[in-house]
Amino acid sequence: MLQDHMHEHFAIIDYEIIWYGSMNLLSRARADDNMIRVRSKDTVQELLEMTFE
Numbered sequence: 006m007l008q009d010h011m012h013e014h015f016a017i018i019d020y021e022i023i024w025y026g027s028m029n030l031l032s033r034a035r036a037d038d039n040m041i042r043v044r045s046k047d048t049v050q051e052l053l054e055m056t057f058e
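Quick note: the sequence shown uses my numbering, first residue 6, plus one each step.
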């Protein structure tokens, strides 16, 4: 089953690693939450530009 709306969260570590997904990093996770780890300075820069510019 697909949800109509997914909460997106991310954390950037040392401008090189991104943890990205629907899991809330500061509270309890739900069974359908997910999270991926990406290691890429270029992707970090792109995500920061999309989010804050």
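Where is the CB? At the ideal position from N, CA and C, for every residue including glycine.
- M55 (DSSP reduced to helix, strand or coil): The DSSP-derived three-state label of M55 is helix.
- Task: Given a cut-off of 8 Å, decide if D38 and S45 are closer than it, judged by their beta-carbon atoms.
- Result: Their beta carbons are not under 8 Å apart, which means S45 does not touch D38 by this criterion.
- For I23, is the classification buried or exposed, using 16 other Cβ atoms within 10 angstroms of its Cβ as the cut-off for buried? With a 10 Å radius around the Cβ and a threshold of 16 neighbouring Cβ atoms, I23 comes out buried.
- Message: Distance check for E51 and F57, CA to CA, integer angstroms please.
- Response: If I take the Cα positions, the gap works out to 10 Å.
- R35 versus I17 - alpha carbon distance: Near 22 Å, if we compare the C-alpha coordinates of I17 and R35.
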